[in-house]
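Take a look at the structure below.
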Ligand code: NI
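In my numbering, the protein residues as written are 2 to 173.
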């Protein structure tokens, strides 16, 4: 159990295409637990491996709203199998873009194929917040951030704020 440092944008490590996991080693399983600890501590509802500096196709999520209840998801090599034509707009944020939010419209429901932590092939159907969260996290595996879905004007405002924040932190 460990809380890992989260990479803050802009950072080239957040723009990389991650490699598939071919072998689910104990290190990978342990890292997923660390990613969940990191996500819960932040707190956040999803985290992708590149956000903690690991360029592999791994995400974790928990969108459970009930207090004191946890429903962790661990997805290895997740792939979107189908998406609905209906869109759903949600105000997204990201642990790598602290305190920045913007509405993003994405397919309202999606079907996802993935491997669980034991290597078993699984499928799930998600809608609402879980669909938003999983699409956002899967985007991270291809170097795509939520701001890549909004206008360049809004994106530039957010990225400028983050750059400024980094300068202040590095100076302090
Ligand atoms: Ni994110």
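Where a beta carbon is used, it is the ideal one built from N, C-alpha and C, also for glycine. This one's a predicted model, so the numbers in the text were calculated from it and none came from an experiment.
Distance from the C-beta of residue 150 to the nearest heavy atom of the ligand NI is not below 7 angstroms. At the C-beta level, residue 110 and residue 92 stay beyond 8 angstroms of one another. Set against 7 angstroms, the gap from the CB of residue 96 to the closest heavy atom of the ligand NI is smaller.
In this structure, residue 48 and residue 96 form a Cβ contact; the two beta carbons are roughly 6 angstroms apart against a cut-off of 8 angstroms. Ranked by Cα distance from residue 42, the options 123, 172, 3 and 169 are led by 3. Here residue 51 is buried, its C-beta having at least 16 other C-beta atoms within 10 Å.
When C-alpha distances from residue 118 are compared across 138, 69, 73 and 101, the shortest belongs to 73. Here the alpha carbon of residue 145 sits roughly 21 angstroms from the alpha carbon of residue 128.
By alpha-carbon distance to residue 162, the top candidate from 98, 61, 14 and 59 is 98.
For residue 128, the enclosing beta strand (DSSP E) starts and ends at 122-128. If you compare the alpha carbons of 30, 53 and 26 with that of residue 39, the shortest gap goes to 53. Cβ-Cβ separation between residue 164 and residue 11: approximately 6 angstroms, consistent with a contact (criterion under 8 angstroms). Beta-bridge partners assigned by DSSP to residue 80: 114.
According to DSSP, residue pairing for residue 57 in a beta bridge involves 20. In the three-state reduction of the DSSP assignment, residue 64 falls in the coil class, being assigned neither a helical nor a strand state.
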